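Student: According to our numbering, the residues represented by the sequence shown are 977 to 1238, in order. Think of the CB as a built atom: it goes at the ideal place given N, C-alpha and C, for glycine as much as any other residue. All values reported here derive from a predicted model rather than from experimental measurement.
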Amino acid sequence: MSGATAAGSSDARVSLGAFVSGVRIVARRELGAYFDSAIAYVYTIGFVVLANSVFMQEFFLTGTADMTSYFQRMPLLLAIFLPAVTMRLWAEERKQRTIELLLTLPIVPLQAVCGKFVAALLLYALFLAGSLPIVVMLAVLGSPDLGLIAAGYVGLIALGSLLLALGLFLSALSADQIVAFVATAFCAFALVLLGNERVVAVLDGLAPKLAAGTLLAESISVGPPYETFVAGSVELSALVFFGAFTAVFLWLCAHALQHKRA
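Below you can see the structure in the form of structure tokens.
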């Protein structure tokens, strides 16, 4: 108990400047690990090729200068790729026994969590940057609604942030990368599919009085708030939804590490 109290007091004494500095150090360390091991290159190329190929196939069939179909298909793709990005962040540290070294550095667990989150978010931004040629192509070939496209990208950033924070938390609970990946992918698919109309109808049909499908879709599914971005509307309620869940998962991750540190 005294160790936890001391750690908590240390957390409280960290200044904003020192906090940001610690986050930057951890983020730089993680980005270096991504690129040194070629993970960043493999994941980015795989994601960009798959996502862009799916869009281009539909584009040649419809011929419309619109990215709505791209944004609509991204949640399921992210539910596979982002768990692969986060699965190693803490599980690998525990496997190589470097987590003890990291937690003995003069940083608080929340700094380590935020640093790893920033690194994963920057890698994810690289994923999204690979789709920018699509925007250029549509602008050259037609007159796309750039506001609609921008809202879609805001939605992707919000959704990606939530899934990365979820992956960080589950990776912190596991000592095995595969377990962390499967757990995160399962939860990510659940969050995405619970907002699907067919899934909602099935769950409501199983218990009509409870309307469990509708309740889950309206309370925890990322589908409804994400769809507002795809429709071209950046609503405060959707931003709060994604921001709140992201913050909760990051806090839970830091709390789990604080418990291990104590």
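How about alanine 1141 and serine 1150: are their beta carbons less than 8 Å apart?
Tutor: Taking the first residue of the sequence shown as 1, we reach residue 1141 at position 165. Taking the first residue of the sequence shown as 1, we reach residue 1150 at position 174. No, Cβ-Cβ distance for alanine 1141 and serine 1150 is not below 8 Å.
Student: If you count every other CB in all the chains shown that lies within 10 Å of the CB of leucine 1135, and 16 or more means buried, which is it?
Tutor: Position 159 of the sequence shown, counted from the start, is the residue given in the question as residue 1135. Classification of leucine 1135: buried, given that the 10 Å Cβ count is 16 or more.
Student: Excluding sequence positions up to five away, which residues of its chain have a Cβ less than 7 Å from the Cβ of alanine 994?
Tutor: For the purposes of this step, residue 994 is taken as the residue at position 18 of the sequence shown. Excluding sequence neighbours, alanine 994 sits near nothing in its chain.
Student: Pull up the distance between the alpha-carbon of phenylalanine 1036 and that of cysteine 1229, whole angstroms please.
Tutor: By 1-based counting over the sequence shown, the position of residue 1036 is 60. By 1-based counting over the sequence shown, the position of residue 1229 is 253. Phenylalanine 1036 and cysteine 1229: Cα-Cα distance of roughly 44 Å.
Student: Where glycine 979 and valine 996 are concerned, what is the direct C-alpha to C-alpha distance, given to the nearest angstrom?
Tutor: In the sequence shown, the residue the question calls residue 979 occupies position 3. In the sequence shown, the residue the question calls residue 996 occupies position 20. Interpretation of glycine 979 is limited by its pLDDT of 42, a score under 50 that renders its predicted location unreliable; no figure is taken from the coordinates.
Student: Taking its Cβ as the centre, do 16 or more other Cβ atoms sit within 10 Å of threonine 981, making it buried, or is it exposed?
Tutor: To locate residue 981, count along the sequence shown from 1; it is residue 5. Only weak support is given to the placement of threonine 981: the predicted model assigns it a pLDDT of 42, under 50, and the value that follows is read from those uncertain coordinates. Threonine 981 is exposed by the Cβ-count criterion.
Student: Between the Cα of valine 1112 and those of Leu1102, Ala1101 and Ile1125, spot the shortest distance and give me the residue it belongs to.
Tutor: Counting from one through the sequence shown, the residue named residue 1112 turns up at place 136. Measuring from the Cα of valine 1112, the nearest candidate turns out to be Ile1125.
Student: Note down, in chain order, each residue of its chain lying with its Cβ closer than 6 Å to the Cβ of cysteine 1090, except the 5 sequence neighbours on either side.
Tutor: The residue you call residue 1090 lines up with position 114 of the sequence shown. Excluding positions up to five away in sequence, the list reads Val999.
Student: Please determine, among Gly1123, Leu1132 and Ala1223, the residue with the shortest C-alpha to C-alpha distance to phenylalanine 1103.
Tutor: As a position in the sequence shown, residue 1103 is number 127, starting the count at 1. Taking only the C-alpha atoms, the option nearest phenylalanine 1103 is Leu1132.
Student: With a 10 Å radius around its C-beta and 16 neighbouring C-beta atoms as the bar for buried, classify glutamine 1234 as buried or exposed.
Tutor: For the purposes of this step, residue 1234 is taken as residue 258 along the sequence shown, with counting starting at 1. The residue in question, glutamine 1234, is buried, as its Cβ has 16 or more Cβ neighbours within 10 Å.
Student: Compare the C-alpha of cysteine 1163 against each of Ser1029, Tyr1046, Gln1072 and Leu1052 and name the closest.
Tutor: Position 187 of the sequence shown holds residue 1163. Checking every option, the nearest Cα to that of cysteine 1163 belongs to Leu1052.
Student: Expressed to the nearest angstrom, what Euclidean distance is found between the alpha-carbon atoms of leucine 1065 and leucine 1191?
Tutor: As a first step, residue 1065 is located in the sequence shown; it is residue number 89 there, counting from the start. As a first step, residue 1191 is located in the sequence shown; it is residue number 215 there, counting from the start. Near 33 Å, if we compare the C-alpha coordinates of leucine 1191 and leucine 1065.
Student: According to the neighbour-count rule (16 or more other Cβ atoms, all chains shown, within 10 Å of its Cβ), is glutamate 1083 buried or exposed?
Tutor: Counted from its first residue, the sequence shown places residue 1083 at position 107. The residue you asked about is not glutamate; residue 1083 is isoleucine in the sequence shown. So isoleucine 1083 ends up on the buried side.
Student: If you measure between the beta carbons of alanine 1003 and tyrosine 1010, is that distance less than 8 Å?
Tutor: Position 27 of the sequence shown, counted from the first residue, corresponds to residue 1003. Position 34 of the sequence shown, counted from the first residue, corresponds to residue 1010. Contact: no.
Student: Roughly how many angstroms separate the alpha carbons of leucine 1186 and valine 1198, rounded to a whole number?
Tutor: To locate residue 1186, count along the sequence shown from 1; it is residue 210. To locate residue 1198, count along the sequence shown from 1; it is residue 222. Using only the alpha carbons, I get a separation of about 21 Å.
Student: Among residues of its own chain, excluding the 5 on either side of serine 991, which ones have a beta-carbon nearer than 8 Å to its beta-carbon?
Tutor: Residue mapping note: residue 991 aligns to position 15 of the sequence shown, counting from 1. Correct list: empty, nothing qualifies.
Student: Along the chain, where does the alpha helix (DSSP H) that runs through proline 1051 open and close?
Tutor: Within the sequence shown, the letter at position 75 stands for residue 1051. Start and end: 1044 to 1071.
Student: Please return the same chain residues whose Cβ sits closer than 7 Å to the Cβ of threonine 1020, not counting the five positions on each side in sequence.
Tutor: Along the sequence shown, one-based indexing puts residue 1020 at 44. Within the same chain, threonine 1020 has close Cβ partners Leu1102, Phe1103 and Gly1106.
Student: Could you give the distance in angstroms between the alpha-carbon of histidine 1231 and the alpha-carbon of serine 1195?
Tutor: As a position in the sequence shown, residue 1231 is number 255, starting the count at 1. As a position in the sequence shown, residue 1195 is number 219, starting the count at 1. Cα-Cα distance, rounded: 24 Å.
Student: Are the Cβ atoms of leucine 1114 and methionine 1050 separated by less than 8 Å?
Tutor: The residue labelled residue 1114 in the question sits at position 138 within the sequence shown. The residue labelled residue 1050 in the question sits at position 74 within the sequence shown. The answer is no: Cβ separation not under 8 Å.
Student: With C-beta atoms as the reference, is glycine 1008 less than 8 Å away from threonine 1062?
Tutor: In the sequence shown, counting from the first residue as 1, residue 1008 sits at position 32. In the sequence shown, counting from the first residue as 1, residue 1062 sits at position 86. Cβ distance not < 8 Å, so glycine 1008 and threonine 1062 don't count as in contact.
Student: Which class does glutamate 1034 belong to by DSSP, given the choice of helix, strand or coil?
Tutor: Translated into the one-based positions of the sequence shown, residue 1034 becomes position 58. Note: glutamate 1034 maps to helix in three-state DSSP.
Student: Mapping DSSP to helix, strand and coil, what is threonine 1040?
Tutor: The sequence position of residue 1040 within the sequence shown is 64, counting from 1. It is coil, neither helix nor strand.
Student: I'd like to know whether the C-beta atoms of alanine 1067 and serine 1147 end up nearer to each other than 8 Å.
Tutor: Start at 1 with the first residue of the sequence shown, and residue 1067 comes out as number 91. Start at 1 with the first residue of the sequence shown, and residue 1147 comes out as number 171. In contact: alanine 1067 and serine 1147 (Cβ atoms closer than 8 Å).
Student: So, glycine 1118 versus glycine 1208, is the Cβ gap smaller than 8 Å?
Tutor: For the purposes of this step, residue 1118 is taken as the residue at position 142 of the sequence shown. For the purposes of this step, residue 1208 is taken as the residue at position 232 of the sequence shown. For glycine 1118 and glycine 1208, no; Cβs fall outside 8 Å.
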